[in-house]
Amino acid sequence: MKIIIAGAGSVGRYMAEQLSSTGNEVTLIDSDANAVSRINVAGVTTAVGDACELDTLAKAGLADADVVAAVTGDDEDNLVISLLAKQEFAVPRVVARVNNPNNEWMFNEMWGVDVSVSTPHLLTAMVEEAVSVGSLVRIMKFEHGKAQLAEVTLAEGSPAVGRRITDLGLPRETTIVAIMRDGHVVAPQGDTPLHQGDEVVVLMTGDCEDVVQRILIGASA
Amino acid sequence: MSVFRRRKDDSPAVEEISYPAISSLNPRVNATIRGRVVRIVKQPAQGLPTLLVRIEDESGFATAVWSGRRSIGGLDLGRKVVIEGVPMASASGLRFFNPAYTLLP
Numbered sequence: 120m121k122i123i124i125a126g127a128g129s130v131g132r133y134m135a136e137q138l139s140s141t142g143n144e145v146t147l148i149d150s151d152a153n154a155v156s157r158i159n160v161a162g163v164t165t166a167v168g169d170a171c172e173l174d175t176l177a178k179a180g181l182a183d184a185d186v187v188a189a190v191t192g193d194d195e196d197n198l199v200i201s202l203l204a205k206q207e208f209a210v211p212r213v214v215a216r217v218n219n220p221n222n223e224w225m226f227n228e229m230w231g232v233d234v235s236v237s238t239p240h241l242l243t244a245m246v247e248e249a250v251s252v253g254s255l256v257r258i259m260k261f262e263h264g265k266a267q268l269a270e271v272t273l274a275e276g277s278p279a280v281g282r283r284i285t286d287l288g289l290p291r292e293t294t295i296v297a298i299m300r301d302g303h304v305v306a307p308q309g310d311t312p313l314h315q316g317d318e319v320v321v322l323m324t325g326d327c328e329d330v331v332q333r334i335l336i337g338a339s340a
Numbered sequence: 104m105s106v107f108r109r110r111k112d113d114s115p116a117v118e119e120i121s122y123p124a125i126s127s128l129n130p131r132v133n134a135t136i137r138g139r140v141v142r143i144v145k146q147p148a149q150g151l152p153t154l155l156v157r158i159e160d161e162s163g164f165a166t167a168v169w170s171g172r173r174s175i176g177g178l179d180l181g182r183k184v185v186i187e188g189v190p191m192a193s194a195s196g197l198r199f200f201n202p203a204y205t206l207l208p
């Protein structure tokens, strides 16, 4: 895949190296020639220039790029890059980094962003996960919140403990995608029984959250 | 540089120019097309303000999407328009994101 990364900070450079090593055609853009030169991986093309300028983006090859990742340390820049990538080059997939979580609400299709990634938000989710047994932890949202991936560690007394997945009566828009048990991943089948301490990863769309809470955690949650 | 496209006031002879057929367009190649507005879709009040307009010529149709607004004055059903932008392929045909537009009489 042809991937353009805007922002050669530690995030951008790391991404460029990783994606290049897995066989992708990567171009890294930054206005700072020093930052760009710090990457010395064969296969990563570099471009020096302001990624908020159309000329720079055109020269970097956005016209036939598959993915653009706007990962500068500046939310305004990331939004401008995303909008230009979508509006002027019709890039199929635009990924943008959210630096300040207060700005996250703007990272949507209006600005050409297909996927936004917010480090503070991810950290919060991880911390929530670490401190919570028996509550629903939202891990990731897809399709701008229409679908989400959530995780529940089954506490003692959960109504789901000891029951098989088919017997839970989960809504149709919900599916259990994995169960983590004693450090192993159990591929869920309809007749897989749930145990106390299982980490259940659920993919759901629509407004199933309350129902899933009731089924996996219990009414009091 | 202006991020948002503007109407081009210095192109008075839009009626006389010949435009490519919509069905002949390629995704991701800048194009200017002329057609008639045959459908306008507005988003619900609580959703993101977005305006979807289907534009049709003799050969086919394309959809123009404007973000951040719910209507464009004068852009009504049946109106002839010229739009310019870079179309992307979508499940429902070609889609122009925030194209420049010119309303024709």
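Protein sequence lines correspond, in order, to chains A and B. So for the first sequence, the numbering used here puts the first residue at 120; every next one is plus one. So for the second sequence, the numbering used here puts the first residue at 104; every next one is plus one. For every residue, glycine included, the Cβ atom is placed at its ideal position computed from N, Cα and C. Predicted model, so just to flag it, every value in this text is computed and none were measured.
- The beta-carbon of S170 of chain B is placed less than 8 Å from the nearest beta-carbon of chain A.
- Take the alpha-carbon of Q308 of chain A and the one of V236 of chain A: they are about 31 Å apart.
- Under the 10 Å beta carbon count, P312 of chain A is surrounded by fewer than 16 other beta carbons and is classified as exposed.
- Taking 8 Å as the threshold, the shortest C-beta distance from K265 of chain A to chain B does not fall below it.
- Close CB contacts of V234 of chain A within its chain, under the 6 Å cut and outside five residues either way in sequence, are with V214 (chain order).
- Spanning the alpha carbons of R300 of chain A and D317 of chain A requires a straight line of approximately 5 Å.
- From the beta-carbon of P130 of chain B, the residues of chain A found nearer than 7 Å are A209.
- The region 169-176 of chain A and the region 127-140 of chain A do not touch, with fewer than three beta-carbon pairs separated by less than 8 Å.
- A straight line joining the alpha-carbon of G288 of chain A with that of L255 of chain A spans about 18 Å.
- For V280 of chain A, same chain residues with a beta-carbon under 7 Å away, outside a window of 5 residues either side, are L273, L313, H314, Q315 in chain order.
- Contacts between V189 of chain B and chain A, judged by CB atoms closer than 8 Å, involve Q206, E207, F208, A209 in chain order.
- When the five nearest sequence neighbours on each side are left out, the beta carbons in the same chain lying within less than 8 Å of the beta carbon of V296 of chain A are those of L268, P307, V320, V321, L322, in order along the chain.
- Between the beta-carbon of G264 of chain A and that of E292 of chain A there is about 14 Å, and that puts the pair past the 8 Å contact cut.
- Shown here, S162 of chain B sits in coil according to DSSP, grouped into three states, outside any helix or strand.
- Of all residues in the region 214-235 of chain A, those with a C-beta nearer than 9 Å to a C-beta of chain B are N227, E228, M229, W230, G231, reading in chain order.
- Cβ proximity to chain A below 8 Å picks out L151, P152, T153, S170, G171 from the region 151-177 of chain B.
- Counting every other CB atom within 10 Å of its CB across the protein chains shown gives K205 of chain A a total of 16 or more, marking it as buried.
- Listed along chain B are R131, each with a C-beta nearer than 8 Å to that of A182 of chain A.
- For the set B:S127, B:V156, B:L207, the Cα lying nearest the Cα of V144 of chain B is the one of B:V156.
- DSSP lists B:V168 as the bridge partner or partners of F200 of chain B.
- Remark: C-beta atoms of S201 of chain A and W230 of chain A approach each other more closely than 8 Å.
- Between A182 of chain A and R131 of chain B, the gap from beta carbon to beta carbon is short of 8 Å.
- S139 of chain A and V167 of chain A do not touch by the CB rule: their CB atoms are close to 18 Å apart, not below 8 Å.
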